[in-house]
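Basically our numbering = 1-based index in the sequence shown + 1.
Positions of the beta carbon are idealized from the N, C-alpha and C atoms, including for glycine.
Bear in mind that the values here come from a model prediction, so they are computed numbers and not experimental data.
In what follows, a single structure is set out as structure tokens and then discussed.
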Amino acid sequence: MRSQRIIFERSQQEFLPGGFINCNLHFISRHFCLAQLALNYIVLYIDPSDLNAQFKNIMQELQSLKDIFKDKLFKIPDYQRGYAWGKRQLKDFWEDVINLPLERFHYTGMLSLKKVEQKVWKSWNDETWLLEDRGYKPFHIVDGQQRLTTFVIFIQAITEFLQKLPENKEKSEEDIYLGTFNLKSIKEEYLVVQKPPQFIIRTHKFGYEIDNPSFQFLKYRIFNEEDSGTIQETFYTLNLENAKNFFAENLTAFYEKYDLAEIEKIFKKLTQNLMFNVYEISDDFDVFVAFETMNNRGKKLSNLELLKNRLIYLTTLYDEEELSSDDRFALRENINDSWKEVYYQLGRNKKNPLNDDDFLTAHWIMYFPYTRERGDDYIRFLLEHKFTPQSVYTKTEVKLSSIEEVVEICERDSIEDEELEELIQEERIVKRSRLSPKQIKDYVNSLKSAAVHWYNTHNPKNNKNLTEEECLWIDRLNRVGIIYFRPLVTASFLSKGLDSRKRVELFEAIERFIFIAFRLSRTVSSYRNSEFYRAARQLRNGEIDCVGLINLLNERMSFCFYKNDGDDKKYFDHGYFRKFIEKKFKSGGGFYHWNDLKYFLYEYEMQKVRERGSPKIDWSLFVKGEKDRVSVEHILPQTSDTKYWKVRFKGVKKSHLPLLKGSLGNLLPLSRSINSSLQNDGFEEKKMPKYNDRNEKIRQGYLDGSHSEIEVSHYEHWDADNIYDRGKKLLAFMEKRWMLKFENEQFLAETLFLEFMLPEEETSVIEQQL
Numbered sequence: 002m003r004s005q006r007i008i009f010e011r012s013q014q015e016f017l018p019g020g021f022i023n024c025n026l027h028f029i030s031r032h033f034c035l036a037q038l039a040l041n042y043i044v045l046y047i048d049p050s051d052l053n054a055q056f057k058n059i060m061q062e063l064q065s066l067k068d069i070f071k072d073k074l075f076k077i078p079d080y081q082r083g084y085a086w087g088k089r090q091l092k093d094f095w096e097d098v099i100n101l102p103l104e105r106f107h108y109t110g111m112l113s114l115k116k117v118e119q120k121v122w123k124s125w126n127d128e129t130w131l132l133e134d135r136g137y138k139p140f141h142i143v144d145g146q147q148r149l150t151t152f153v154i155f156i157q158a159i160t161e162f163l164q165k166l167p168e169n170k171e172k173s174e175e176d177i178y179l180g181t182f183n184l185k186s187i188k189e190e191y192l193v194v195q196k197p198p199q200f201i202i203r204t205h206k207f208g209y210e211i212d213n214p215s216f217q218f219l220k221y222r223i224f225n226e227e228d229s230g231t232i233q234e235t236f237y238t239l240n241l242e243n244a245k246n247f248f249a250e251n252l253t254a255f256y257e258k259y260d261l262a263e264i265e266k267i268f269k270k271l272t273q274n275l276m277f278n279v280y281e282i283s284d285d286f287d288v289f290v291a292f293e294t295m296n297n298r299g300k301k302l303s304n305l306e307l308l309k310n311r312l313i314y315l316t317t318l319y320d321e322e323e324l325s326s327d328d329r330f331a332l333r334e335n336i337n338d339s340w341k342e343v344y345y346q347l348g349r350n351k352k353n354p355l356n357d358d359d360f361l362t363a364h365w366i367m368y369f370p371y372t373r374e375r376g377d378d379y380i381r382f383l384l385e386h387k388f389t390p391q392s393v394y395t396k397t398e399v400k401l402s403s404i405e406e407v408v409e410i411c412e413r414d415s416i417e418d419e420e421l422e423e424l425i426q427e428e429r430i431v432k433r434s435r436l437s438p439k440q441i442k443d444y445v446n447s448l449k450s451a452a453v454h455w456y457n458t459h460n461p462k463n464n465k466n467l468t469e470e471e472c473l474w475i476d477r478l479n480r481v482g483i484i485y486f487r488p489l490v491t492a493s494f495l496s497k498g499l500d501s502r503k504r505v506e507l508f509e510a511i512e513r514f515i516f517i518a519f520r521l522s523r524t525v526s527s528y529r530n531s532e533f534y535r536a537a538r539q540l541r542n543g544e545i546d547c548v549g550l551i552n553l554l555n556e557r558m559s560f561c562f563y564k565n566d567g568d569d570k571k572y573f574d575h576g577y578f579r580k581f582i583e584k585k586f587k588s589g590g591g592f593y594h595w596n597d598l599k600y601f602l603y604e605y606e607m608q609k610v611r612e613r614g615s616p617k618i619d620w621s622l623f624v625k626g627e628k629d630r631v632s633v634e635h636i637l638p639q640t641s642d643t644k645y646w647k648v649r650f651k652g653v654k655k656s657h658l659p660l661l662k663g664s665l666g667n668l669l670p671l672s673r674s675i676n677s678s679l680q681n682d683g684f685e686e687k688k689m690p691k692y693n694d695r696n697e698k699i700r701q702g703y704l705d706g707s708h709s710e711i712e713v714s715h716y717e718h719w720d721a722d723n724i725y726d727r728g729k730k731l732l733a734f735m736e737k738r739w740m741l742k743f744e745n746e747q748f749l750a751e752t753l754f755l756e757f758m759l760p761e762e763e764t765s766v767i768e769q770q771l
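Listed below in structure tokens is the structure:
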């Protein structure tokens, strides 16, 4: 018999055959260990005749998708994550299928299943007829759901591709063929079976449990069932949609390059040549521990996904006395509902989904006492200390003597004296788990409540859950860079003592603190972060109020200000900022290389919008980096060799020109980005719109640009005096907007690096330094 070679793929870990066969994991049988060996080898070619007897038996159990789907239904259980495959995984999978020779078999990995108990599937609706009438077997997918989901979406894409071919437009499913396979048989074998004789009930052979947020999306958007109603979309549903679009696009391109016979080969390889090792977990197997262990391979589970699985697992460990069956079911539903909300909020903005770990970390900061250790401290606390099996198994004595019980009135004779004496003398102590079910419930409810506010802090614009002022200030916080304050901002919505007005006052104080302490005074990014992390929890628990927090922010910002002897006025210490900008001048950029320049100029522009109306700059476009284009222009160009600029700056010292070019007053935000080459035009040209040879407008012109551009266009000419004048206007805005004060004009000029523009100054200090 010809030796059959089987290709094994690399997993995240590698094991020696002997070591794996003799492994002794407490919850995994040797049979399971042997099966795992197949998953952890690198492109290994094995001749079955060379395998030991035990491993040979495992190899003989390899099954194709056709084998796996025969008379079975598959459900993804509630503890599983959603579909997580992205572009890289899809591309690799496609290339594996395309490049696999038709006569070869490719080992795809392990598929771990657990049979669904009858008491569970009895509550299903559309599936029961297949289980009861046709003897189908229902399974939960413990490991391998990402791959199996991909297979099913791929096959769905093939069926849709076939139906869209021009020659199949008017044909029924029975008359559409892919080689010898007709479309109806393909669908019934892998996707959906209709119940005769009415054919009203359509039963999908693969899907999510109904309480999973992806259940409806898979059914209606991927499998194209009708009458969907409102469908919740998340980051995971976006992945499902992307996978379907990916296969649809590539199938079309492949067909156009080759022909339908090649699509048939793809289908055959997909259903007959890609081999799984199927392992069925026994009833007494610890499925939740297995889930955590198995999913350390492939695309790693997020901490949020691991935590959900752990909490559901813990609900199974309480004895009946502490958690009744009904309460156990209710708590599990509570966990599922909370995670459904969390996943929805994190993936609500499909184009910019929020990071799981960021949210969990922030909630940990708000919920538990903050400890400053390593970056993964929060998940180690949650999974290794707080929510552990030991916390459930470890019992503590709870005294009930202080609880007054109300006894209903009854006939005295109905209780024997002896029984009454026993009741009175009975010790009022019970034993309860250190981690109570209520603690789990309170924690998951808190996660659920925090999720929407976490989303709102990331997406304030046009957000109906926020007031206009809340939208404005949270948007400002995001633009200036909220750094470590997001947990505190989120906690402000969870604090019962704060109304919208007080929240806005807090947001104003936080934004001022960030701009002055970090963006101007350049303190380290972690300055006082532990203190304000702890404040987030205190605010959520009502242990600190808004006034206390604002006072704390102002106190921690005191290093940015100074007082003169005998003077109560506080002045802004511009020395930190000047030292920072000085480095930027030395590197040739000046204020243009201040990384918070756009925020400052945008705030100035928005002030003009409030005064005059009609916003003219879109923040997202303003900060968008485009090659060879600028959205902030040097009015006096960096390359100022045209006649206009030579005339206007004829009397300026050569050493002063770089300071004028890089000074704040010479930098202008544009309503539309322009090609960098247009910066060299003269001032009069910049005021007017400019067109190319095809009469297409290539620059807006200051006269019809942003409010800042229009303001600059009012200057008759552009020279050193005007650069200094506009710089002082911008700093005056800074003083008013962030409530700070420069002591005198000397310090204003120093901040602008234009001391030489002062009447009494002939030689600048900065010129000597440079």
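The straight-line gap separating the alpha-carbon atoms of residue 274 and residue 107 is approximately 6 Å. Under the DSSP assignment, residue 211 falls outside any beta strand (DSSP E); it carries neither an H nor an E label. Taking C-beta atoms as the reference points, residue 79 and residue 210 count as a pair closer than 7 Å. Contact between the stretch 656-663 and the stretch 685-698 is not established, with fewer than three Cβ pairs separated by less than 8 Å. The C-beta distance from residue 364 to residue 262 rounds to 54 Å, too long to meet the 8 Å contact threshold. Measuring C-alpha to C-alpha distances from residue 621 to each of 161, 477 and 511 identifies 477 as the nearest.
In its chain, beyond the 5 residues on either side, 76, 78, 115 and 117 have a beta carbon closer than 6 Å to the beta carbon of residue 141. Per the Cβ contact rule, the stretch 543-555 is not in contact with the stretch 716-728 (fewer than 3 Cβ pairs under 8 Å).
Apart from sequence neighbours up to five positions away, the residues of its chain that approach residue 177 with a beta-carbon distance below 6 Å are 163, 169 and 184, ordered along the chain. Residue pairing for residue 434: DSSP places it in a beta bridge opposite 396.
Under the three-pair Cβ rule at 8 Å, the stretch 145-153 does not count as touching the stretch 313-320. Setting aside the 5 residues that flank it on each side, residue 246 has no residue in the same chain whose C-beta is closer than 6 Å to its C-beta.
In this structure, the CA atom of residue 283 is about 16 Å from the CA atom of residue 111.
Excluding the 5 residues flanking it on each side, residue 632 has same chain C-beta neighbours closer than 6 Å at 623, 671 and 674, in chain order. Secondary structure note for residue 708: its alpha helix (DSSP H) is the uninterrupted segment 708-714. Closest in C-alpha terms to residue 537, from the list 554, 522, 523 and 340, comes 554.
Judged by DSSP secondary structure, residue 153 falls within the alpha helix (DSSP H) whose first and last residues are 146-165.
Close CB contacts of residue 191 within its chain, under the 6 Å cut and outside five residues either way in sequence, are with 70 and 156 (chain order). Taking 7 Å as the cut-off, the Cβ atoms of residue 744 and residue 572 count as close.
Contact between the stretch 486-505 and the stretch 379-388 is absent, with fewer than three C-beta pairs closer than 8 Å. Relative to the Cα of residue 238, the nearest Cα in the group 83, 638 and 616 belongs to 83.
Secondary structure note for residue 266: its alpha helix (DSSP H) is the uninterrupted segment 261-269. Excluding five sequence positions before and after residue 449, the CB atoms of its chain that fall closer than 6 Å to its own CB belong to 339 and 342, given in chain order. Secondary structure of residue 459 (DSSP, three-state): helix. The Cβ atoms of residue 739 and residue 513 sit closer than 7 Å to each other.
Each of 288, 741 and 305 was checked against the Cα of residue 357, and the nearest Cα belongs to 305. Residue 486 counts as buried, since no fewer than 16 other beta carbons sit within 10 angstroms of its beta carbon.
In this structure, residue 438 places its C-beta atom within 7 Å of the C-beta atom of residue 332. In this structure, the beta-carbon distance from residue 265 to residue 166 does not fall below 7 Å.
When DSSP assignments are scanned along the stretch 50-133, the uninterrupted stretches of alpha helix (DSSP H) that are 4 or more residues long and fall wholly within it turn out to be 54-61, 66-69, 88-100 and 119-122. The beta carbons of residue 479 and residue 466 sit about 16 Å from each other, so the pair does not count as a contact at 8 Å. Between the stretch 699-713 and the stretch 595-615, the count of Cβ pairs shorter than 8 Å is three or higher; the stretches touch. Here the C-alpha atom of residue 446 lies approximately 43 Å from the C-alpha atom of residue 617. Within the same chain, Cβ atoms closer than 7 Å to the Cβ of residue 205 are found at 192, 193, 220 and 224, the five residues on either side in sequence being excluded.
Contact between residue 484 and residue 522 is ruled out by a C-beta separation of about 14 Å, above the 8 Å threshold. Residue 128 is a Cβ neighbour of residue 74, given a cutoff of 7 Å.
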